[in-house]
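>
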Amino acid sequence: MLYRGCRILLTLSAGTRWAPRVWPQLRGVCMASTRASPAVFRWEEEHYEDGMKWKFLEHRGPYFAPPYEPLPDDVSFYYDGKPVKLSPGAEEVATFYGKMLDHEYTTKEAFQKNFFADWREQMTNEERKLIKHLHKCEFSEIHKYFFEKNEARKALPKEEKQKLKEETNKIQEEYGYCILDGHREKIGNFKIEPPGLFRGRGDHPKMGMLKLRIMPEDVIINCSKESKVPDPPPGHKWKEVRCDNTVTWLASWTENIQSSIKYIMLNPSSKLKGEKDWQKYETARRLKGVVSDIRAQYRVDWKSREMKKRQRAVALYFIDKLALRAGNEKEEGETADTVGCCSLRVEHIQLYPELDGQQYVVEFDFLGKDSIRYYNKVPVEKEVFKNLKLFMENKNPEDDLFDRLNTSILNKHLQDLMDGLTAKVFRTYNASITLQNQLKELTNGEDNVAAKILSYNRANRAVALLCNHQRAPPKTFEKSMQNLQTKIDAKEQQLKEAKKELKSAKAEHKARKSEKSKKEMEKKKKQVARIEEQLMKLKLQATDKEENKQIALGTSKLNYLDPRITVAWCKKYGVPIEKIYNKTQREKFAWAIDMTSENFEF
DNA sequence: GTAGGGACTTGGTTCAACATTA
DNA sequence: TAATGTTGAACCAAGTCCCTAC
Numbered sequence: 001m002l003y004r005g006c007r008i009l010l011t012l013s014a015g016t017r018w019a020p021r022v023w024p025q026l027r028g029v030c031m032a033s034t035r036a037s038p039a040v041f042r043w044e045e046e047h048y049e050d051g052m053k054w055k056f057l058e059h060r061g062p063y064f065a066p067p068y069e070p071l072p073d074d075v076s077f078y079y080d081g082k083p084v085k086l087s088p089g090a091e092e093v094a095t096f097y098g099k100m101l102d103h104e105y106t107t108k109e110a111f112q113k114n115f116f117a118d119w120r121e122q123m124t125n126e127e128r129k130l131i132k133h134l135h136k137c138e139f140s141e142i143h144k145y146f147f148e149k150n151e152a153r154k155a156l157p158k159e160e161k162q163k164l165k166e167e168t169n170k171i172q173e174e175y176g177y178c179i180l181d182g183h184r185e186k187i188g189n190f191k192i193e194p195p196g197l198f199r200g201r202g203d204h205p206k207m208g209m210l211k212l213r214i215m216p217e218d219v220i221i222n223c224s225k226e227s228k229v230p231d232p233p234p235g236h237k238w239k240e241v242r243c244d245n246t247v248t249w250l251a252s253w254t255e256n257i258q259s260s261i262k263y264i265m266l267n268p269s270s271k272l273k274g275e276k277d278w279q280k281y282e283t284a285r286r287l288k289g290v291v292s293d294i295r296a297q298y299r300v301d302w303k304s305r306e307m308k309k310r311q312r313a314v315a316l317y318f319i320d321k322l323a324l325r326a327g328n329e330k331e332e333g334e335t336a337d338t339v340g341c342c343s344l345r346v347e348h349i350q351l352y353p354e355l356d357g358q359q360y361v362v363e364f365d366f367l368g369k370d371s372i373r374y375y376n377k378v379p380v381e382k383e384v385f386k387n388l389k390l391f392m393e394n395k396n397p398e399d400d401l402f403d404r405l406n407t408s409i410l411n412k413h414l415q416d417l418m419d420g421l422t423a424k425v426f427r428t429y430n431a432s433i434t435l436q437n438q439l440k441e442l443t444n445g446e447d448n449v450a451a452k453i454l455s456y457n458r459a460n461r462a463v464a465l466l467c468n469h470q471r472a473p474p475k476t477f478e479k480s481m482q483n484l485q486t487k488i489d490a491k492e493q494q495l496k497e498a499k500k501e502l503k504s505a506k507a508e509h510k511a512r513k514s515e516k517s518k519k520e521m522e523k524k525k526k527q528v529a530r531i532e533e534q535l536m537k538l539k540l541q542a543t544d545k546e547e548n549k550q551i552a553l554g555t556s557k558l559n560y561l562d563p564r565i566t567v568a569w570c571k572k573y574g575v576p577i578e579k580i581y582n583k584t585q586r587e588k589f590a591w592a593i594d595m596t597s598e599n600f601e602f
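Residues 1 to 602 (UniProt numbering) are what the first sequence spells out, left to right.
(1) Buried or exposed: where does Leu390 fall if 16 or more other Cβ atoms within 10 Å of its Cβ makes it buried?
(2) What does DSSP give as the partner residue(s) for Gln162 in the beta ladder?
(3) So, at 6 angstroms on beta carbons, what are the nonlocal neighbours of residue 605 in its own chain, with the 5 sequence-adjacent residues on each side left out?
(4) DSSP on Tyr317, reduced to helix/strand/coil?
(5) Of all the alpha helix (DSSP H) runs that stay within the bounds of the region 505-562, which reach a length of 4 or more residues?
(6) Could you tell me whether the Cβ atoms of Ile264 and Pro62 are closer together than 7 angstroms?
(7) Could you give the distance in angstroms between the alpha-carbon of Ala450 and the alpha-carbon of Leu540?
(8) Do you know how far the Cα of Lys276 is from the Cα of Ala592?
(9) Going by DSSP, what residues sit across from Glu363 in a beta bridge?
(10) Which residues bound the alpha helix (DSSP H) around Tyr97?
(11) Do you know how far the Cα of Pro397 is from the Cα of Ala346?
(12) Buried or exposed for Val300, going by 16 or more other Cβ atoms inside 10 Å?
(13) Taking only runs of the beta strand (DSSP E) that begin and end inside the region 377-421, which ones reach a length of at least 3 residues, in chain order?
(14) In angstroms with no decimal places, state the Cα-to-Cα distance between Glu104 and Lys440.
(15) Just to confirm my understanding: we take Gln485, look at its own chain, exclude 5 residues before and 5 after, and list those with CB closer than 8 angstroms. What are they?
(16) Given a cut-off of 7 angstroms, decide if Ala110 and Met215 are closer than it, judged by their beta-carbon atoms.
(17) When the Cβ atoms of the region 218-233 are set against those of the region 135-143, are three or more pairs found closer than 8 angstroms?
(18) Short check: CB of Asp118 to CB of Leu210, under 7 angstroms?
(19) So for His135, helix, strand or coil by DSSP?
(20) Report the rounded CA-to-CA distance for Lys149 versus Thr407, giving the unit in angstroms.
(21) Buried or exposed: which applies to Ala32, given that a residue is buried once 16 or more other Cβ atoms fall within 10 Å of its Cβ?
(22) Report the rounded CA-to-CA distance for Asp244 versus Trp54, giving the unit in angstroms.
(23) Just to confirm my understanding: we take Ile294, look at its own chain, exclude 5 residues before and 5 after, and list those with CB closer than 7 angstroms. What are they?
(24) To the nearest angstrom, report how far apart Leu561 and Leu435 are at their CA atoms.
(25) At which residues does the beta strand (DSSP E) containing Cys178 begin and terminate?
(26) Are Ile372 and Cys341 touching if we call contact CB-CB under 7 angstroms?
(27) Have a look at Gly445, Ala90, Gln494 and Gln585 and flag the residue whose alpha-carbon is nearest the alpha-carbon of Ser269.
(28) Helix, strand or coil: how does DSSP classify Cys6 here?
(29) Here's the rule I'm using: 16 or more other beta-carbon atoms within 10 Å means buried, otherwise exposed. How should Tyr456 be labelled?
(30) Would you mind working out which of Asp181, Arg285, Glu217 and His183 sits nearest Ile192, comparing C-alpha positions?
(31) Once DSSP output is grouped into helix, strand and coil, what is the label at Ala251?
(32) Return the Cβ separation of Asp203 and Ala296 in integer angstroms, given the expectation that the two are a contact with Cβ distance under 8 angstroms.
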C-alpha cells in the first residue's frame, strides 16, 4: 500500500523533460509519465500522525473588502419625494438595495421585508422615525450612479485597465498563496466576503437580510506555531490565532445570516485537496467491487418484517438507481423547502400501477438542492411499488415518506456494508461508471477528433442527466443557435458551389487530359473535402449545443467523474487533453493526468 | 436518538476576460 | 475598433457527513 509522506526524489536524466509533479502516495503509479512542471519537487520524509493534515502552514491572512465610500453629494436618496441625506451606515445598506434594483430579487416580498427590517436597524433614531415604508423610498439615483460607474470602468482606456489588472495581480501574489509543508500552494478564496444583501436561492425565508461586514476582530487565523503570524490590518486585532493542524482551513469567521462558519481554504490544485479528491474516487472504486452484493441485499430487505429495514432498502434503491442525494433534515423556516431522498414527503411522489404502457411507475416531483426541480417518471420493481404504497398509507401529503429513516441511520448501515461508504459515494460511483460505459459505447475509433469530442460530451451529458445538473438556458441561446445555423447554411452553399466547380474541372480534364487540368481537378477535389469537413464540424457543434441547452456539464466533470477515466480515454483515442479539460481543470486533475495510462479501468 | 456545531464538498449564477464578428 | 458572443473564474449558497454533549 502506498502511504503518505514516503520520500520521492526526482532527478532529470538526459532526454527527459521536467519531471512530473508527484504526490507521495502516488509513488510507483505515476513515475512512468512526464509532464511540464515549473520545478522538480522533492518531498521530504514526513510522518503525519493520524488526523494531521500538515506540519507547517504560513500565510498572509485574508484580504478584506474595501471600506465603504460614501455617495457623492449630487446623488440622493429620496423619501416620500424629498431628498434625504442618510448616515453612512444607513446609506451603505441603501446602496446594496439600489444596486440590485433591476434584479428580480427586489420584486419579491420576502426580500423587501427582510431588507427593510435589517436596514432600519442600521438607521439612526431620526432616520428610523422618518423612514417607515419601503414603497416611499426612491433608490433610482443610487442605481443610476452605480450603473454609470460600472460603465465608466468598462470604458476605461487600455492602459488604465492594465494598471488595474496589475494591482489585482499584486494582491493575488501577496494574499493568494500560502506555504504548506515547504510548498507554495494556491489559496482558493483568500478574500473575505464583502457585506451585502443575502441572496438565498429558491424560496428562501431569509433573502434580503443584511450580510454584515466582516472585521479582523471576527476572524480566526489558523497557522503553525513556527510560522510568522499574519499582521491584522493596521489598528485591528484578530479574533484569535490558533494552530490546529487537524483541519485544512487558513482562516474562518461566522456569518450572521445562518450563523454558519465560513472558511478560507486551498485551491483544488493543491496537494491537500488533490489527495482528498483521489481518495474519494478510490472509495467509489471500492464500491464497484461490492455493489452487486449490496444490491442483492437491499432486494432481500424489501421483504423484511421490519418497517425500518424496508424503508432503508427502498431509499437506498432510489439513491443507487436515481443518484438522489442523501437528504438531511433541515431546520424549518430557516432555509428554502428542499428535500433529498431520506427527507422525501408523501406529496413528492405519485404512484401509477400503469402509465404509458409501463407497469409500476413512480412519478417524482420535488425541489432538490438549490431549489432545482427533480421531475422523473420511473418504472420500478413490483416490491418497491408495493412498499411505497405501504409507506404512504394513512399519511398526509406533508408527512415524511420514510418516517423511520434518516441519513444518519442510512449511513450507519452503509458503513457496515463497506468501510467509508456513505450515501454520496453512490452518486460518485454511478456517475463515474456511467461515463466509462458511455464512452465505451459511444466512441468510434475511426472518427475524427471533433466527432470524438461530441461523443465525450454526450457521455458527460448522460451523467449530468442522471445527477439532474441543470442550468437556466443562456440568455443568448436562441440567437447564437441561429447564428450557427446561418453559418451552416452558408457552408452548404459553399459546398454546393465547390462541387459544381469540381464537376466542371472533371469535365475539363476529361476533354484535355493535360497535366494542368489534372492539377486543377485535384485542387478542386481537395477543396470539396475541406469544405465537407468544415460543414460536418459545424453540424456537430450545433447538435452539441442544442443537446446542452438546459444541462450543466461542469458540475459532474468537476465533482463526480473520476478524471482518470477521461485521461485514459484521451490517451487511447488520441484526443488532446486540452480539448476536454481547460487550464483550471488540468491543474485540479494534475494528479490524474500524471498517473493514468490508457489502460486505466475505473 | 437528537440537537447543534464544525469541516468540507457540491452547485448554479454572475461577472470579467477573452475571442470573434460586424 | 466597437459590439457582441463565448468561456472561464469568482462567488458564495447549500448540501453531506462527522463529532460531541445530553
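A virtual CB, placed ideally from N, CA and C, is assigned to each residue, including glycine.
Put simply:
(1) By the 10 Å Cβ count, Leu390 comes out exposed.
(2) Partner(s): none; Gln162 has no beta bridge.
(3) Absent from the model: residue 605. The displayed extent of the chain is 1 to 602, so no value can be given.
(4) Helix, per DSSP.
(5) The qualifying runs are 515-547 and 554-559.
(6) A Cβ-Cβ contact shorter than 7 angstroms links Ile264 with Pro62.
(7) Roughly 8 angstroms between the two C-alpha positions.
(8) Ala592 and Lys276: Cα-Cα distance of roughly 13 angstroms.
(9) In DSSP, Glu363 forms a bridge with Gln350 and Lys377.
(10) Counting along the chain, Tyr97 sits inside the alpha helix (DSSP H) bounded by residues Pro88 to Lys99.
(11) Looking at the sequence provided, one finds Val at residue 346 rather than Ala. The straight-line gap from Cα to Cα measures roughly 5 angstroms.
(12) So Val300 ends up on the exposed side.
(13) As far as the region 377-421 is concerned, it has no whole beta strand (DSSP E) run of at least 3 residues.
(14) Going by the C-alpha atoms only, they are around 44 angstroms apart.
(15) The beta carbon of Gln485 sits closer than 8 angstroms to those of Ala542, all from its chain and outside the five residues before and after it, given in chain order.
(16) At a Cβ-Cβ threshold of 7 angstroms, Met215 and Ala110 do not count as neighbours.
(17) Because the criterion of three Cβ pairs below 8 angstroms is not met, the region 218-233 and the region 135-143 do not touch.
(18) A contact, by the Cβ cut-off of 7 angstroms.
(19) Under the three-state reduction of DSSP output, His135 falls in the helix class.
(20) For Lys149 and Thr407, the distance between alpha carbons rounds to 49 angstroms.
(21) In this predicted model, Ala32 has a pLDDT of only 26, less than 50, meaning its place in the structure is not dependable; the value taken from the coordinates is given anyway. In summary, Ala32 is exposed, with fewer than 16 beta-carbon neighbours lying within 10 Å of its beta-carbon over all protein chains present.
(22) Roughly 9 angstroms separates the two Cα atoms.
(23) For Ile294, where only same-chain residues beyond five positions count, the Cβ hits under 7 angstroms are Leu417.
(24) Taking C-alpha positions only, Leu561 is separated from Leu435 by approximately 7 angstroms.
(25) In this chain, the beta strand (DSSP E) harbouring Cys178 covers Tyr177 to Leu180.
(26) Not in contact: Ile372 and Cys341 (Cβ atoms no closer than 7 angstroms).
(27) For Ser269, the nearest C-alpha among the options comes from Gln585.
(28) Since pLDDT at Cys6 reaches only 35, below the 50 mark, its modelled position is unreliable, and the value read off the structure follows with that caveat. Coil.
(29) Buried, by the Cβ-count rule.
(30) Of the listed residues, the one whose Cα sits closest to Ile192 is Glu217.
(31) Strand.
(32) Not quite, the Cβ-Cβ distance comes to about 41 angstroms (not below 8 angstroms), so this is no contact.
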